[in-house]
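Take a look at the structure below.
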Amino acid sequence: MEEKYGGDVLAGPGGGGGGGLGPVDVPSARLTKYIVLLCFTKFLKAVGLFESYDLLKVVHIVQFIFILKLGTAIFMVLFQKPFSSGKSITKHQWIKIFKHAVAGCIISLLWFFGLTLCGPLRTLLLFEHSDIVVISLLSVLFTSSGGGPAKTRGAAFFIIAVICLLLFDNDDLMAKMAEHPEGHHDSALTHMLYTAIAFLGVADHKGGVLLLVLALCCKVGFHTASRKLSLDVGGTKRLQALSHLVSVLLLCPWVIVLSVTTESKVESWFSLVMPFTTVIFFVMILDFYVDSICSVKMDVSKCARYGSVPIFISALLFGNFWTHPITDQLRAMNKAAHQESTEHVLSGGVVVSAIFFILSANILSSPSKRGQKGTLIGYSPEGTPLYNFMGDAFQHSSQSIPRFIKDSLKQILEENDSRQIFYFLCLNLLFTFVELFYGVLTNSLGLISDGFHMLFDCSALVMGLFAALMSRWKATRIFSYGYGRIEILSGFINGLFLVVIAFFVFMESVARLIDPPELDTHMLTVSFFIVQFECLLILL
């Protein structure tokens, strides 16, 4: 690959000339065709996943995975010839391939079951992330070398995107359905999975979001653990061919039992040959081979960056314009397969989530650049220009979120005043959620408004504690007077929050003056008095 270097960087962080040079991220003409091929492949994969969702309405999930594994195994065995090419597989390697196949089947089961719960749009947004993106996210959250403020910002965008799907995505039809999408549970497997989600106390589509996040983490760990095995058996393609073949042998008895014990919704399997062929080629085969080619021809970070944007945009477009052609075909054959065309519709929360996912994928997949640009601070006695590289300073000062919280709590508990305020904060925050929950339960606007007031009192305490920590920071070149005025700023922010909440409480109170609800508070006032009295003792 042709590399172009910037001429404005003359010295690296260590003082030498070689450490500061770096390639400029400009795609050459030879890479353009691979980028176009990658984008087109991701577009086709989105098509295949939307067709998979339609097929899963009538085909059992185990049968669906078996057909996908069977078609992929036939193609890869004929194309890769894993038995005739390369060295022979040892018994120990066959055991590892068997474990690889079992893990692959479990991840596929989680993936496609999440697809039935969330729909193809949300599945593409949650599951189609590159390994480098997830690894960068986990390194920011759980290690001290996260990659700097940019990576932290990308991790925050990813978390916000998931929260948008959990809290602000109104999947109204699925929330109002009295039964599950497939009606009665077709097997013990689906019953067990639905029972596990119901145990969490969340709706099916929200449980599907959590399930897909779990499947994504499992997929990344699975790919990381498979690298050594792929080197031992002779390459990733040979490993995938053998693993898919073993998966078919594993699933075959299960499929036979399901075929005998359950009633099939498919009246004509011949009519599903073309849809299954499309899904196998678009989702399993083409995406795997194109990713392998592009990973060799260009950096993995570029593959992740150029591949995430088209598949997310395609998901949004298909989520709005997909007409479910396979579903229309199935309705003519089987009325039991009828589903409303408005299920898993596009919502504002999904659009916002997609934007944050695109931003996070672009940031987390970018390589960490250290010391590639500096500020001229003078010249050495020999006349060599000297630069101040701020990138390394920023990156060395960054910390992971758990480490930052741990260090902050340690500093808070060191002093008596901040420690007492922290204890009061924990107790007050606990009763705040009790009051909010009880206010919603008893339909009491007074409890709800007081709960929000206490919540922002807690936020004021949090900002006050954080301001106390920041006040200990030393003055810098930018903030030459230190951070002492941060306490006044935190009070101003808390006042703005209270104004917003007061507006909503006022609007709700006007509505309740017109139509007063019934109140039932029982002994909550007594418990509130006890908590406030304990807080008073702590402050004294």
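Note that the sequence shown covers residues 1 to 540 in full-length UniProt numbering.
Beta carbons: idealized from backbone N, C-alpha and C, even for Gly.
This one's a predicted model, so the numbers in the text were calculated from it and none came from an experiment.
Output needed for Ala-460: all residues of its chain with C-beta closer than 6 Å, excluding positions within five of it in sequence on either side, in chain order.
As a working mapping, residue 460 is identified with position 460 in the sequence shown. Hits under 6 Å: Asn-494.
What are the start and end residues of the alpha helix (DSSP H) that includes Asn-320?
If you number the sequence shown from 1, residue 320 lands on position 320. Residues 300-321.
Is the beta carbon of Phe-157 sitting closer than 7 Å to the one on Leu-359?
Along the sequence shown, one-based indexing puts residue 157 at 157. Along the sequence shown, one-based indexing puts residue 359 at 359. Their beta carbons are under 7 Å apart, which means Phe-157 touches Leu-359 by this criterion.
Looking only at its own chain, which residues have a Cβ that is under 7 Å from the Cβ of Ile-160, when we skip the five neighbours before and after it?
Along the sequence shown, one-based indexing puts residue 160 at 160. The residues are Phe-356.
Does DSSP put Ala-161 in a helix, a strand or coil?
Against the sequence shown, residue 161 aligns to sequence position 161. Helix.
Output the distance between the C-alpha atoms of Leu-249 and Val-283, rounded to the nearest integer angstrom.
What you label residue 249 is simply residue 249 of the sequence shown in a count that begins at 1. What you label residue 283 is simply residue 283 of the sequence shown in a count that begins at 1. Using only the alpha carbons, I get a separation of about 21 Å.
Would you mind giving the Cβ-Cβ distance between Ile-280 and Gly-71, rounded to the nearest angstrom? I have them listed as a contact below 8 Å.
As a position in the sequence shown, residue 280 is number 280, starting the count at 1. As a position in the sequence shown, residue 71 is number 71, starting the count at 1. Confirmed, about 4 Å.
Keeping to the same chain, check which residues put their C-beta closer than 6 Å to that of Cys-105; ignore five residues upstream and five downstream.
As a working note, residue 105 is residue 105 in the sequence shown. Cβ neighbours of Cys-105 beyond the five flanking positions: Ser-247.
Distance between beta carbons of Leu-425 and Glu-435, contact taken as under 8 Å
Position 435 of the sequence shown, counted from the start, is the residue given in the question as residue 435. Position 425 of the sequence shown, counted from the start, is the residue given in the question as residue 425. No, Glu-435 and Leu-425 are not in contact; Cβ-Cβ is about 15 Å, not under 8 Å.
Would a C-beta distance cut-off of 7 Å place Ile-65 and Ser-108 closer than the cut-off?
If you number the sequence shown from 1, residue 65 lands on position 65. If you number the sequence shown from 1, residue 108 lands on position 108. Cβ atoms of Ile-65 and Ser-108: closer than 7 Å.
Examine the Cβ distances between the segment 80-90 and the segment 230-239 and report whether three or more of them are shorter than 8 Å.
yes
Alpha carbon to alpha carbon, what distance is there between Lys-410 and Phe-288?
As a working mapping, residue 288 is identified with position 288 in the sequence shown. As a working mapping, residue 410 is identified with position 410 in the sequence shown. Their backbone Cα atoms lie some 48 Å apart in a straight line.
Please classify Asn-416 as buried or exposed, where buried requires at least 16 other C-beta atoms within 10 Å of its C-beta.
Numbered from 1 along the sequence shown, position 416 holds the residue referred to as residue 416. Its Cβ having fewer than 16 others within 10 Å, Asn-416 is exposed.
Host alpha helix (DSSP H) of Ala-103 (start-end)
Numbered from 1 along the sequence shown, position 103 holds the residue referred to as residue 103. It spans 91-127 - the alpha helix (DSSP H) in which Ala-103 sits, taken as one unbroken run.
Own chain partners of Lys-297 with C-beta closer than 6 Å, once the 5 adjacent residues on each side are dropped
Here residue 297 is taken as the residue at index 297 of the sequence shown, counted from 1. Closer than 6 Å at the Cβ level, and outside the excluded window around Lys-297, lie Tyr-34.
According to DSSP, simplified to helix, strand and coil, what is Asn-443?
If you number the sequence shown from 1, residue 443 lands on position 443. In this structure, Asn-443 counts as coil in the three-state DSSP scheme.
For Leu-212, which residues of its own chain have a beta-carbon under 7 Å away from its beta-carbon, when the five flanking residues on both sides are left out?
As a first step, residue 212 is located in the sequence shown; it is residue number 212 there, counting from the start. Once the five neighbours on either side are set aside, the close Cβ partners of Leu-212 are Gly-114, Cys-118, Thr-123, Leu-126, Phe-127.
When you compare only the Cα positions, how much space is there between Leu-445 and Asn-320?
Within the sequence shown, numbered from 1, the residue matching residue 445 stands at position 445. Within the sequence shown, numbered from 1, the residue matching residue 320 stands at position 320. One C-alpha to the other measures close to 39 Å.
Closer than 7 Å by C-beta to Phe-456: which residues in its own chain qualify, once you throw out the five before and the five after it? Chain order, please.
Taking the first residue of the sequence shown as position 1, residue 456 is located at position 456. Excluding sequence neighbours, Phe-456 sits near Asn-494, Phe-497, Leu-498, Ile-501.
Just to confirm, is the Cβ distance from Leu-242 to Pro-82 under 7 Å?
Counting from 1 along the sequence shown, the entry for residue 242 is found at position 242. Counting from 1 along the sequence shown, the entry for residue 82 is found at position 82. Taking 7 Å as the Cβ cut-off, Leu-242 and Pro-82 qualify as a contacting pair.
Can you say whether Cys-164 is buried or exposed, counting buried as having 16 or more other CB atoms within 10 angstroms of its CB?
The sequence position of residue 164 within the sequence shown is 164, counting from 1. Result: buried.
Leu-286 and Thr-41 look like a contact to me (Cβ under 8 Å); what is the Cβ gap, rounded to whole Å?
Translated into the one-based positions of the sequence shown, residue 286 becomes position 286. Translated into the one-based positions of the sequence shown, residue 41 becomes position 41. About 6 Å; that satisfies the 8 Å criterion.
Ser-271 (DSSP reduced to helix, strand or coil):
In the sequence shown, residue 271 corresponds to position 271, counting from 1. Helix at Ser-271.
Element boundaries [alpha helix (DSSP H), containing Ile-74]:
Translated into positions along the sequence shown, residue 74 becomes position 74. Here the alpha helix (DSSP H) through Ile-74 covers 61-80.
Excluding sequence positions up to five away, which residues of its chain have a Cβ less than 6 Å from the Cβ of Ala-225?
The sequence position of residue 225 within the sequence shown is 225, counting from 1. If we look at Ala-225 and ignore the five residues flanking it on each side, it has no Cβ neighbours.
In angstroms with no decimal places, state the Cα-to-Cα distance between Leu-38 and Ile-311.
Walking along the sequence shown from the start, residue 38 turns up at place 38. Walking along the sequence shown from the start, residue 311 turns up at place 311. If you take the alpha carbons of Leu-38 and Ile-311, they lie about 10 Å apart.
Distance, Cα to Cα, Pro-120 vs Gly-48?
Residue mapping note: residue 120 aligns to position 120 of the sequence shown, counting from 1. Residue mapping note: residue 48 aligns to position 48 of the sequence shown, counting from 1. The alpha-carbon atoms of Pro-120 and Gly-48 are separated by roughly 10 Å.
Which residue's Cα is closest to the Cα of Ile-363: Ser-308, Val-36, Lys-99, Val-58?
On the sequence shown, position 363 is the one that residue 363 refers to. Considering only alpha carbons, the answer is Ser-308.
For Pro-149, three-class secondary structure by DSSP:
Along the sequence shown, read from residue 1 onward, the residue named residue 149 stands at position 149. If DSSP states are grouped into helix, strand and coil, Pro-149 belongs with the helices.
Is the separation between the beta-carbon of Val-209 and that of Val-134 shorter than 7 Å?
The residue you call residue 209 lines up with position 209 of the sequence shown. The residue you call residue 134 lines up with position 134 of the sequence shown. Result no, Cβ atoms of Val-209 and Val-134 do not sit closer than 7 Å.
Looking at Ser-490 and Ala-468, is the spacing between their C-beta atoms short of 7 Å?
In the sequence shown, counting from the first residue as 1, residue 468 sits at position 468. In the sequence shown, counting from the first residue as 1, residue 490 sits at position 490. No, these two residues do not count as a Cβ contact at 7 Å.
Buried or exposed: which applies to Phe-389, given that a residue is buried once 16 or more other Cβ atoms fall within 10 Å of its Cβ?
Sequence index remark: in the sequence shown, residue 389 carries index 389 (1-based). Low local confidence applies: a pLDDT of 49 at Phe-389 is under 50, so the model's placement there is unreliable, with the coordinate-based value given in what follows. Its Cβ being crowded by 16 or more others within 10 Å, Phe-389 is buried.
Could you check what DSSP says for Ile-478 in three-state terms: helix, strand or coil?
Position 478 of the sequence shown, counting from 1, holds the residue named residue 478. Ile-478: coil per DSSP, three-state reduction.
Does the separation of the CB atoms of Val-162 and Lys-151 fall below 7 Å?
The residue you call residue 162 lines up with position 162 of the sequence shown. The residue you call residue 151 lines up with position 151 of the sequence shown. The answer is no: Cβ separation not under 7 Å.
Note the first and the last residue of the continuous alpha helix (DSSP H) segment covering Ile-293.
Position 293 of the sequence shown, counting from 1, holds the residue named residue 293. Ile-293 -> alpha helix (DSSP H) spans 287-297.
Using C-beta distances below 7 Å, list every residue in its chain close to Glu-508, excluding the 5 sequence neighbours before and after it, in chain order.
If you number the sequence shown from 1, residue 508 lands on position 508. These residues qualify, in order along the chain: Leu-445.
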